[in-house]
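K.L.:
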Amino acid sequence: MQDNVGRTFAQKALERASGEKDLQPGQIVDAFPDLYMSHTASWRCIRTLERMGVDELYDVDRIAMVMDHIAPADNAKTAGYHALCRDFADRMGVRNFFDVNAGIAHVVLMERGLIKPGELIIGTDSHSTIYGALGALGTGVGFSEITATWVTGKLWMKVPESIKVEVDGPLPRGTYPKDVMLKLIGDLGADGATYCSVEFHGTYVEQMSVSERMTLCNLAMEMGAKNAFVPPDEITLSYLDDAGADRASYDVLLPDPDAQYRQVERVAGSSLLPQVAVPHNVDNVVGVDQVAGTKVDQVFIGSCANAKYDDLVIAAEVLAGKKVAPGVRLIVTPASAKIMAKAASDGIVTTLLEAGATITNPGCGACAGSGGAMADGEVTFSTANRNFQGRMGSYQSSIYLGSPATAAASAIRGVISNPQELLA
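For the sequence shown, this note's numbering assigns the number 1443 to the last residue and increments by one with no breaks.
See below:
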């Protein structure tokens, strides 16, 4: 690639983070992340730090710790891990520490204005790609990488190739960003974007809310993406204003008009139907009508992919005035305390409860194996981002994935159902 050829977002973001110029895909650089996120298992980083005999951190204000997995603690061992994290945060002066009452790390950090356009964010969760919804380069890393970054402030990264995805709308009633992503994942496969930066463009993306963009970027991980990105616009800046992020504190990075992409994918939103990922892989995707009628024992509306405020509103719209089918367990786990409070004040929680839902505390919940486990032979329809065998209890159980609307429709009928039939 020639130096005079336009650059992608990933190239620009890693140039900013490394201080190097004219980076090309495949180059390896020492990058300095702006924020290091670690969730409940931060205890692994702390224990590693202790074994290293190191007690000085590069920049404590770049550390964010969120106790979102298995929260509140469900046994003494987990409680001990939480206590270790609290003590470490207090002793080291970690100001961005969020306890079991806050919610899912990704959503909490974005709500608090800690994720900004152009920044490099690393996290001990593969779905850190979600930060691209605010124009940041977010990527998941291991605990050893986080620990090393705590100490040195840097880690090496390879500049990824980029894939451009153009989504044009409008979407038909009853279809949502989750359907867009399941369709894309099904078409490209679980390894279709391995170590690539996936940029989302198109007329539909331009009018999406930040919450909807979170679903796109979150699920990009399920086709192997290193990071995902939606170009920041006034919708993004307004969200950041509300989150308390000073516009002078960040620089928006946009790909050049002549940026070079490995490939360009297009999704025709106007002809899209509700999609379902069937057991036991996220890229095993079919139209909802192909699995309609499949009995469900449980429905889970939660996870960093689909437990945001608008997701709860969508579910409540389908469930309003109706009841969950006899014998079906509907579990709703809001993504954050702020989301739960808004849903409560707006009557969304009441609608869900009246329909027969169980509302749990904000956090990862059943997606991370905390509650909602299934017995042998049971089936869950879930709005989460993964349906791997054994992820929610028995290895002889099954998980289907879809949108909050499809989940709500399935809870009402007791079988996987097309939400368009209930919304008509």
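All residues carry an ideal CB built from backbone N, CA and C; glycine is no exception.
Remember, predicted model here, so these are calculated numbers, not experimental data.
1) Between the segment 1239-1259 and the segment 1215-1223, do at least 3 Cβ pairs fall closer than 8 Å?
2) Based on the DSSP secondary-structure assignment, which residues constitute the bridge partners of A1050?
3) Can you tell me which of the three DSSP states S1037 falls into?
4) Restricting to Cα atoms, I'd like to know which of P1250, G1205 and V1368 is closest to S1150.
5) To which residues of the same chain is F1116 closer than 7 Å at the C-beta, ignoring the five residues directly before and after it?
6) Could you tell me the alpha carbon to alpha carbon distance between G1263 and L1153, rounded to whole angstroms?
7) Buried or exposed: which applies to Q1226, given that a residue is buried once 16 or more other Cβ atoms fall within 10 Å of its Cβ?
8) Using the C-alpha atoms, what's the distance from A1090 back to C1383?
9) Let me check understanding here. Comparing Cα to Cα, which of P1423, L1292, A1036 and A1354 lies closest to G1137?
10) Using beta-carbon positions only, say whether P1345 and Q1439 come within less than 8 Å of one another.
11) Quick one: residues in its chain with C-beta nearer than 6 Å to the C-beta of C1064, no 5 flanking neighbours on either side, listed in chain order?
12) Ends of the alpha helix (DSSP H) at K1479?
13) Return the residue from the list G1340, S1389 and A1360 that minimises the CA-CA distance to I1350.
14) Reducing DSSP to helix, strand and coil, say where I1140 ends up.
15) For Q1030 and I1431, what's the separation of their Cα atoms in angstroms?
16) In the DSSP assignment, find the beta strand (DSSP E) that holds H1220 and state where it starts and stops.
17) Taking only three categories from DSSP, how would you classify E1225?
18) Could you tell me the alpha carbon to alpha carbon distance between V1368 and T1234, rounded to whole angstroms?
19) Confirm, please, whether the CB-CB distance from A1335 to T1370 is below 8 Å.
20) Would you kindly check if the distance between the Cβ of N1437 and the Cβ of D1275 is under 8 Å?
21) In the structure shown, what three-state DSSP assignment does L1256 receive?
22) Note down, in chain order, each residue of its chain lying with its Cβ closer than 7 Å to the Cβ of I1204, except the 5 sequence neighbours on either side.
23) Span of the beta strand (DSSP E) holding V1186?
24) At which residue ranges does the segment 1385-1414 contain complete alpha helix (DSSP H) runs of 4 or more residues, listed in the order of the chain?
25) Return the CA-CA distance between N1280 and M1411, expressed in angstroms with no decimal places.
26) Using DSSP bridges, identify the partner residues of G1122.
P.N.:
Straight from the coordinates:
1) yes
2) The count along the sequence shown starts at 1 and reaches residue 1050 at position 31. Looking at the DSSP assignment, A1050 forms a beta bridge with L1174.
3) On the sequence shown, residue 1037 is found 18 positions in, with the first residue counted as 1. Residue state, collapsed to three classes: helix.
4) Along the sequence shown, one-based indexing puts residue 1150 at 131. Reading off the sequence, residue 1150 comes out as Tyr, not Ser. Comparing Cα-Cα distances from Y1150 to each of P1250, G1205 and V1368, the minimum goes to P1250.
5) Sequence index remark: in the sequence shown, residue 1116 carries index 97 (1-based). Correct list, in chain order: M1084 and A1108.
6) What you label residue 1263 is simply residue 244 of the sequence shown in a count that begins at 1. What you label residue 1153 is simply residue 134 of the sequence shown in a count that begins at 1. Answer to the nearest angstrom: the Cα atoms are 14 Å apart.
7) In the sequence shown, the residue the question calls residue 1226 occupies position 207. Per the 10 Å Cβ criterion, exposed.
8) Residue mapping note: residue 1383 aligns to position 364 of the sequence shown, counting from 1. Residue mapping note: residue 1090 aligns to position 71 of the sequence shown, counting from 1. C-alpha separation (whole angstroms): 8 Å.
9) Translated into positions along the sequence shown, residue 1137 becomes position 118. Closest option to G1137, Cα to Cα, is A1036.
10) In the sequence shown, counting from the first residue as 1, residue 1345 sits at position 326. In the sequence shown, counting from the first residue as 1, residue 1439 sits at position 420. For P1345 and Q1439, no; Cβs fall outside 8 Å.
11) One-based indexing of the sequence shown puts residue 1064 at position 45. Closer than 6 Å at the Cβ level, and outside the excluded window around C1064, lie S1057, F1162, I1165 and T1166.
12) The structure shown has nothing for residue 1479, since the chain only spans 1020 to 1443.
13) By 1-based counting over the sequence shown, the position of residue 1350 is 331. It is S1389.
14) In the sequence shown, counting from the first residue as 1, residue 1140 sits at position 121. Strand, per DSSP.
15) Taking the first residue of the sequence shown as 1, we reach residue 1030 at position 11. Taking the first residue of the sequence shown as 1, we reach residue 1431 at position 412. Cα to Cα, the separation comes out at about 47 Å.
16) The count along the sequence shown starts at 1 and reaches residue 1220 at position 201. Looking at the DSSP string, the run of the beta strand (DSSP E) that includes H1220 is C1215 to H1220.
17) Within the sequence shown, the letter at position 206 stands for residue 1225. Of the three classes helix, strand and coil, the one that applies to E1225 here is helix, per DSSP.
18) As a working note, residue 1368 is residue 349 in the sequence shown. As a working note, residue 1234 is residue 215 in the sequence shown. Approximately 21 Å, taken between the alpha carbons.
19) On the sequence shown, residue 1370 is found 351 positions in, with the first residue counted as 1. On the sequence shown, residue 1335 is found 316 positions in, with the first residue counted as 1. Taking a C-beta distance under 8 Å as the contact criterion, T1370 and A1335 qualify as a contact pair.
20) Locating residue 1275 in the sequence shown gives position 256, where the first residue counts as 1. Locating residue 1437 in the sequence shown gives position 418, where the first residue counts as 1. No, the Cβ-Cβ distance between D1275 and N1437 is not below 8 Å.
21) Counting from 1 along the sequence shown, the entry for residue 1256 is found at position 237. L1256 falls in the helix class under three-state DSSP.
22) Start at 1 with the first residue of the sequence shown, and residue 1204 comes out as number 185. So the list reads L1238, E1241, M1242, V1301, D1302 and V1304, once near-sequence residues are dropped.
23) Mapped onto the sequence shown, residue 1186 falls at position 167. Unbroken beta strand (DSSP E) run through V1186: E1180 to D1187.
24) none
25) In the sequence shown, residue 1280 corresponds to position 261, counting from 1. In the sequence shown, residue 1411 corresponds to position 392, counting from 1. First, the residue type needs correcting, since residue 1280 is Tyr and not Asn in the sequence shown. Looking at the two C-alpha atoms, the distance is approximately 37 Å.
26) Within the sequence shown, residue 1122 is the residue found at index 103, counting from 1. Paired residues: S1355.
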